[in-house]
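This report refers to the structure that appears directly beneath it.
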Amino acid sequence: MTGYLAPTKKVRVADLARKKADGEKWAMLTAYDYATARVFSQAGIECLLVGDSAANVVYGYDTTNQVSVDEMAYLGAAVVRGAGNALVVMDLPFGSYEASDEQCVRTATELVHRTGAHMVKLEGGQRIAPRIRALKDAGLAVCAHVGFTPQSVDNLSGFKVQGRDAGAERLRVDTQAVVDAGADMVVFEMVPAELAAELTAESPIPTIGIGAGSGTDAQVLVWHDMADFPAGDHRAKFVRRFGTVGEDLAAAAAEYKRAVHQGEFPGPEHAF
Ligand code: KIV
């Protein structure tokens with residue numbers, strides 16, 4: 001592995017807050033299994049998100065709203081086992097926290113018990129602020145998620161940039177609400193870059209952008225998008241491809257098939 005060194009000690013919430021104070025950017029990637037968590041942590045990725053995007057890229061559901069607590073828990077436990085010193089954030093899936101503060105704390109504590117994750121993430125701003133406070137009161141570290149929130153895709157009438165025009169005030173209110181509720185950091189998804197930069201400058205907690213321009217404290221991407229391992233045909237405008245994993249894997253599988261078909265694999269060196 002070249003370039004970046006994995007952190008030599010466990011990444012903590014306070015380290016990410018310190019990076020914000022020092023103007024030092026950091027990176028988050030999704031991870032859904034042991035092997036990728038190991039690779040990303042060894043590459044120096046500070047923070048791994050067991051995102052409910054697992055619904056799409058791991059389980060093949062149409063929306064993130066179909067993944068269950070159980071399905072998330074098995075992935076989260078595997079990621080924590082491979083995460084090394086990276087801080088692991090566990091998404092609370094749709095339907096597991098909206099009903100009440102009690103439901104929210106119950107789900108979050110169950111996921112932390114079952115996975116060993118260090119932080120939980122939930123979607124929503126002002127409407128979800130009481131849940132964030134309840135999680136903090138229960139002693140958990142919390143990441144908020146505002147702007148475009150995929151679990152509300154139908155309520156938001158599709159994948160749309162949030163925070164434009166009159167929506168800017170909504171985003172301000174939501175950001176202030178999650179900060180006041182005690183969130184440790186906040187994801188801004190699909191919001192205008194200028195507004196995200198402005199809110200980042202005002203925010204006492206680290207901001208993590210996805211489709212929010214370069215002015216946030218950190219960035220996050222679904223790793224399948226980052227490395228071009230497509231799980232569907234849609235490619236978001238905000239994605240940059242840093243690898244060709246899908247292509248490489250297809251080529252490796254085709255070459256394996258060829259070698260098997262032609263009796264070239266296994267060779268004598270692979271036999272006992
Ligand atoms: O589920 C997810 O992967 C996410 C991010 C991409 C922010 O919530």
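The sequence shown begins at 1 in UniProt numbering and counts up one residue at a time. Note that beta-carbon positions come from the ideal geometry of N, C-alpha and C, so glycine has one too.
Check: Quick one: which unbroken alpha helix (DSSP H) runs of 4-plus residues sit fully inside the segment 77 to 156? Chain order, please.; Outcome: 101 to 115 and 129 to 137
Check: Provide the residue(s) that pair with A218 in DSSP beta bridges, ordered along the chain.; Outcome: W26 and I208
Check: How close, in whole Å, do the beta carbons of I208 and V191 come, if the pair is a contact with beta carbons under 8 Å?; Outcome: In fact, because the Cβ distance is near 12 Å, the residues do not count as touching under 8 Å.
Check: Do you know how far the Cα of A252 is from the Cα of F148?; Outcome: 37 Å
Check: Would you say the beta carbon of A64 comes nearer than 7 Å to a heavy atom of ligand 1?; Outcome: Looking at the sequence itself, residue 64 is Thr, so the reference to Ala does not match. T64: yes, Cβ under 7 Å from ligand 1.
Check: How far does the beta strand (DSSP E) with F188 in it reach, from first residue to last?; Outcome: M185 to E189
Check: Report buried or exposed for T2, applying the criterion of at least 16 other Cβ atoms within 10 angstroms of its Cβ.; Outcome: Its pLDDT being 49, under 50, T2 is placed unreliably in this model, and the value from its coordinates should be taken loosely. It is exposed - the Cβ of T2 has fewer than 16 other Cβ atoms within 10 Å.
Check: In terms of DSSP beta bridges, what is L48 paired with?; Outcome: L29 and V88
Check: Would you call K257 buried or exposed, if buried means 16 or more other Cβ atoms sit within 10 Å of its Cβ?; Outcome: exposed
Check: The alpha helix (DSSP H) that contains K10, what's its start and end?; Outcome: Unbroken run through K10: none, as it is neither H nor E.
Check: Give me the Cα-Cα distance between residue 287 and F238, rounded to the nearest whole angstrom.; Outcome: A question about residue 287 goes unanswered here, because the residues of the chain that appear run from 1 up to 272.
Check: Whole angstroms is fine: what's the gap from L171's alpha carbon to Q162's?; Outcome: 8 Å
Check: Around the C-beta of L111, are 16 or more other C-beta atoms found within 10 angstroms, so that it is buried, or is it exposed?; Outcome: buried
Check: Are there 16 or more other CB atoms within 10 angstroms of the CB of Q262, so buried, or fewer, so exposed?; Outcome: exposed
Check: The alpha helix (DSSP H) spanning K257 covers which residue range?; Outcome: V245 to H261
Check: Can you tell which of Q126, V105 and A166 has the C-alpha that lies nearest to the C-alpha of L140?; Outcome: V105
Check: Is it buried or exposed, D165, if we count other Cβ atoms within 10 angstroms and call 16 or more buried?; Outcome: exposed
Check: Alpha carbon to alpha carbon, how far is E169 from L195?; Outcome: 10 Å
Check: Nearest by alpha-carbon distance to G44: which of A35, Y34 and A27 is it?; Outcome: A27
Check: Using a Cβ-based criterion (distance less than 7 Å to any ligand heavy atom), does V79 qualify as near ligand 1?; Outcome: no
Check: T175 and residue 360 - do their beta-carbons sit closer together than 8 Å?; Outcome: Nothing can be reported for residue 360, as the shown portion of the chain is limited to 1 through 272.
Check: Output the boundary residues of the alpha helix (DSSP H) element that contains V239.; Outcome: Premise fails: V239 is in no alpha helix (DSSP H) and is neither H nor E.
Check: Cα separation between T244 and V13?; Outcome: 32 Å
Check: Let me make sure I understand the geometry here. Which of A218, V153 and A193 has the alpha-carbon closest to that of V187?; Outcome: A218
Check: Suppose you measure from the CA of V173 to the CA of T200; what does that come to, to the nearest Å?; Outcome: 14 Å
Check: Work out the CA separation of F265 and A31 for me, nearest whole Å.; Outcome: 32 Å
Check: Going along the chain, which residues of its own chain have a beta-carbon closer than 8 Å to the beta-carbon of N85, five neighbours each way excluded?; Outcome: A6, P7, T8, K9, K10, V11 and S41
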